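Everything below concerns the one structure shown next.
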Amino acid sequence: MRPHDPQKSLPPLAPGPGRSIAPQSHRPISRTKKNSTACLACKAAKRKCSGEPGPCKACVGAHTEEYCQFDRTKDLRRKVAVKKTIQDLTSYKDLLDSLLTTIRSGETGTVDTLVDMIKSGRPLKEVASFVGCDVTDFRDPSALSFASQSISEDGDNEPDGAPPSPPESGARHGSVQHNLPIWGGKEVANLTTQTARDPYARVSLESLCDVPLFAVSAKPWTSVTDDDDLVSHLISLFFTWDHPCSQILDQGTFLGNMQRGQSESEFCSPLLVNSILSVASTNSDRVGAFADNEDRFSRGQHFFSAAEELWRAEEGNPSLTSVQGLLLMCCV
Numbered sequence: 001m002r003p004h005d006p007q008k009s010l011p012p013l014a015p016g017p018g019r020s021i022a023p024q025s026h027r028p029i030s031r032t033k034k035n036s037t038a039c040l041a042c043k044a045a046k047r048k049c050s051g052e053p054g055p056c057k058a059c060v061g062a063h064t065e066e067y068c069q070f071d072r073t074k075d076l077r078r079k080v081a082v083k084k085t086i087q088d089l090t091s092y093k094d095l096l097d098s099l100l101t102t103i104r105s106g107e108t109g110t111v112d113t114l115v116d117m118i119k120s121g122r123p124l125k126e127v128a129s130f131v132g133c134d135v136t137d138f139r140d141p142s143a144l145s146f147a148s149q150s151i152s153e154d155g156d157n158e159p160d161g162a163p164p165s166p167p168e169s170g171a172r173h174g175s176v177q178h179n180l181p182i183w184g185g186k187e188v189a190n191l192t193t194q195t196a197r198d199p200y201a202r203v204s205l206e207s208l209c210d211v212p213l214f215a216v217s218a219k220p221w222t223s224v225t226d227d228d229d230l231v232s233h234l235i236s237l238f239f240t241w242d243h244p245c246s247q248i249l250d251q252g253t254f255l256g257n258m259q260r261g262q263s264e265s266e267f268c269s270p271l272l273v274n275s276i277l278s279v280a281s282t283n284s285d286r287v288g289a290f291a292d293n294e295d296r297f298s299r300g301q302h303f304f305s306a307a308e309e310l311w312r313a314e315e316g317n318p319s320l321t322s323v324q325g326l327l328l329m330c331c332v
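Quick note on UniProt numbering: the sequence shown kicks off at 1 and runs consecutively.
Written out as structure tokens, the structure is:
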């Protein structure tokens, strides 16, 4: 075997087949851009629009090029419409502030003239000018309400070939209808009406689901309220939270006499009932539990005053219910 000679060169190799390398393209991949604004003619015809610039393909095919116009302000999902709606809301707010200022500090004749203008249906521009409001451009309130409901939709990447569906008749401006459930035999609409007047009237989930444990009548036991639901609510609260800690009376006997509605009962009297309602009101946020709806510390004061008046009327004629009522009054 011959030794390896490192100085000896290797035979040259045959050249390999040539390869053509394609030059790299730096051109970005084109993506189809979705059209998001339809022309007025395509919106009216509810057909697909190819978008700007006009005329679009649909209008060319229908020979309606003269009607192929694009108006972004009428697209309620565009940023332009959002900005316009915000401006309109600001205009109405400025008008409202001017109206309130005029009513508060204006003279009687000025306020009467303002009320007459509003009742007679004068344009908002005239009303704004009368109260010194700088805003002179107002949109239709119904259109503004419709726009406010629609601008929250995100349609930048969706084709817009048809106009948005109009709002339901029950949701028109100034007229809102609710399907309110029945609670305690009465509609919650009564409580909803009180919400606008009373700061503590709240239609909450708890109030809608609050079914009293005991159903009793307000009459003839208290003259403070005739709301059976409120009295049942407070009586149930008392036997849930207060009675287990201080069993001043027998629950079954008291409820049986109260449900029979006999004011001359031996184990139930108006004095005792008003005392119980006064104690139970401290655990309730119902409107009727407050003597003054503006004062959160007035819970049960009206029931306490009624019980105190009955106690003074029975002075010198003690009874079991008067003693029980007096003990409960001491707990308030």
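Where a beta carbon is used, it is the ideal one built from N, C-alpha and C, also for glycine. From a predicted model like this one, the values you see are computed outputs, not experimental measurements.
Collapsed DSSP secondary structure at residue i in the structure displayed
i	result
Arg104	helix
Phe70	coil
Gly174	Low local confidence applies: a pLDDT of 38 at Gly174 is under 50, so the model's placement there is unreliable, with the coordinate-based value given in what follows. Note: Gly174 maps to coil in three-state DSSP.
Arg260	helix
Phe254	helix
Arg296	coil
Phe130	helix
Phe290	strand
Lys125	helix
Ala14	coil
Ile248	coil
Ser281	helix
Pro270	helix
Phe214	coil
Val332	coil
His243	coil
Val231	helix
Thr225	coil
Ser98	helix
Whole-number beta carbon distance between residue j and residue i, since they are thought to touch under 8 Å
i	j	result
Ala215	Asp226	With a Cβ gap of about 15 Å, Ala215 and Asp226 do not count as contacting.
Leu272	Thr222	Not confirmed; about 11 Å, so no contact.
Gln301	Ala291	4 Å
Arg299	Ala289	5 Å
Ser263	Pro220	5 Å
Contact check, residue i vs residue j, beta carbons under 8 Å
i	j	result
Arg67	Leu89	Residue identity check: residue 67 is Tyr in the sequence provided, not Arg. No, they are not a contact pair.
Asn257	Ala306	no
Ala280	Ile248	no
Ser98	Val131	yes
Thr253	Phe267	yes
Ser278	Val332	yes
Ala38	Cys49	yes
Val111	Ile103	yes
residue 421	Leu124	Any question about residue 421 goes unanswered here, given that the chain covers just 1 to 332.
Ile310	Pro270	The amino acid occupying residue 310 in the given sequence is Leu; Ile does not appear at that position. Yes. Within cutoff.
Beta-carbon contacts of residue i that lie in its chain and below 6 Å, excluding the five residues immediately before and after
i	result
His233	Pro212
Glu52	Phe70
Ser165	Here the model assigns Ser165 a pLDDT of 43, short of 50, so the residue's position is not dependable and the matter cannot be decided.
Asp228	Ser217 and Ala218
Glu65	Pro55 and Cys59
Own chain partners of residue i with C-beta closer than 7 Å, once the 5 adjacent residues on each side are dropped
i	result
Asn283	Leu237 and Trp241
Ile276	Ile235, Phe238 and Leu328
Residue i Cβ short of 7 Å to the ligand HEM heavy atom set
i	result
Phe290	Although the ligand HEM was asked about, the structure shown includes no ligands whatsoever.
Cβ shell of residue i (< 8 Å), same chain only, five flanking positions each side left out
i	result
Glu126	Met117
Report the start-end ranges of each alpha helix (DSSP H) in the UniProt domain "Zn(2)-C6 fungal-type" (38-68) that is 4 residues or longer and not cut off at the edges. Runs of the alpha helix (DSSP H) inside the UniProt domain "Zn(2)-C6 fungal-type" (38-68): 40-45 and 57-62.
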